[in-house]
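Numbering (full-length UniProt numbering), first residue to last: 1 to 264.
Here a beta-carbon is modelled for each residue, glycine too, at the ideal position from N, C-alpha and C.
Note that the structure is a prediction, hence the values are computed from the model and not measured.
Beneath this line is the structure, given in structure tokens, with notes to follow.
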């Protein structure tokens, strides 16, 4: 734009398109001569450069031409299928040296939770091609599980405890609904808090001191009994149990929540 090169008191000058012949090294005299030919009245100028300055034409690349490719790539990098990009702001959009150009996406490098650098190749014409880096800022909204009520430490995690809401993503890993079964809270949490994966842990199928159902097998014979778990374990893991009526400990395998199998 003209106002990037000279300061003037005439507001009308801001609407003038820069002439293609005034590119490269341009002197103050050349610009003054051209301006006086454009205006009925003489123009008062204050030269903001040196005696001459380098002027090149700039055809700004449209943000819309970059947005779709960056959005899809950024969503893939975030690796969260429930991420929605709420804001994508490009800083210092580059220029092409011709009004006829095409843009090809090359790569994207995330710098953090809120910014990245996208690389594009700009084809201004068949003879020239240049790579450009565009710094961008973005905001990501993400589906989170928000507590409907307060919970205590070691409370079981149930889907009914949550509502799905959108919040600004902070980069922390969030639990999906599918992994909530057989989990418990590591700490007490208040109503309205968003649950992070670090807030919950897998609940043991059997906990130490718990009364459990014991399926005792001896060949084809299966006897159901009660017993007390001496250690905590998940399904498929081995523990010690004290079967009711027995003075010794038995090796058992956890087969389900609150249920173990003893083979004799």
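Comparing alpha-carbon positions, which option in the options lies nearest residue i?
i           : options            : result
residue 141 : 19, 248, 74, 236   : 74
residue 183 : 191, 37, 169, 205  : 205
residue 152 : 200, 78, 115, 231  : 200
residue 136 : 99, 173, 180, 116  : 116
residue 23  : 56, 32, 37         : 56
residue 154 : 170, 168, 187, 172 : 187
residue 97  : 253, 90, 122       : 122
residue 134 : 244, 89, 58, 221   : 89
residue 347 : 243, 94, 78        : In the structure displayed, the chain extends from 1 to 264; residue 347 sits before or after that span and is not available.
residue 16  : 35, 25, 197, 26    : 35
For residue i and residue j, what's the separation of their Cα atoms in angstroms?
i           : j           : result
residue 148 : residue 164 : 10 Å
residue 260 : residue 214 : 5 Å
residue 144 : residue 195 : 7 Å
residue 1   : residue 63  : Confidence is the limiting factor: at residue 1 the pLDDT is only 44, short of 50, which leaves the residue's position unreliable and the question unanswerable from this model.
residue 28  : residue 52  : 6 Å
residue 3   : residue 18  : The pLDDT assigned to residue 3 is 48, lower than 50, so where the model puts this residue is not dependable; a value taken from the coordinates is nonetheless given after this. If I take the Cα positions, the gap works out to 10 Å.
residue 100 : residue 124 : 6 Å
residue 258 : residue 216 : 14 Å
residue 132 : residue 66  : 12 Å
residue 236 : residue 162 : 30 Å
residue 231 : residue 212 : 12 Å
residue 120 : residue 158 : 46 Å
residue 37  : residue 61  : 31 Å
residue 32  : residue 114 : 45 Å
residue 105 : residue 166 : 29 Å
residue 175 : residue 139 : 20 Å
residue 168 : residue 238 : 43 Å
The beta strand (DSSP E) that contains residue i, what's its start and end?
i           : result
residue 183 : 183-185
residue 137 : 130-147
residue 224 : 221-229
residue 193 : Segment: none, residue 193 is in no beta strand (DSSP E) and carries neither H nor E.
residue 208 : Counting along the chain, residue 208 falls outside any beta strand (DSSP E), and DSSP gives it neither H nor E.
residue 259 : 259-263
Tell me the DSSP secondary structure of residue i in three-state form.
i           : result
residue 177 : helix
residue 110 : strand
residue 169 : coil
residue 157 : coil
residue 18  : coil
residue 102 : strand
residue 53  : strand
residue 163 : strand
residue 93  : coil
residue 250 : strand
residue 116 : strand
residue 218 : strand
residue 121 : strand
residue 236 : coil
Looking at residue j and residue i, is the spacing between their C-beta atoms short of 9 Å?
i           : j           : result
residue 70  : residue 111 : no
residue 219 : residue 241 : no
residue 189 : residue 150 : yes
residue 229 : residue 245 : no
residue 233 : residue 254 : yes
residue 264 : residue 250 : yes
Considering residue i, what are the terminal residues of the alpha helix (DSSP H) in which it resides?
i          : result
residue 36 : 28-38
residue 71 : 64-78
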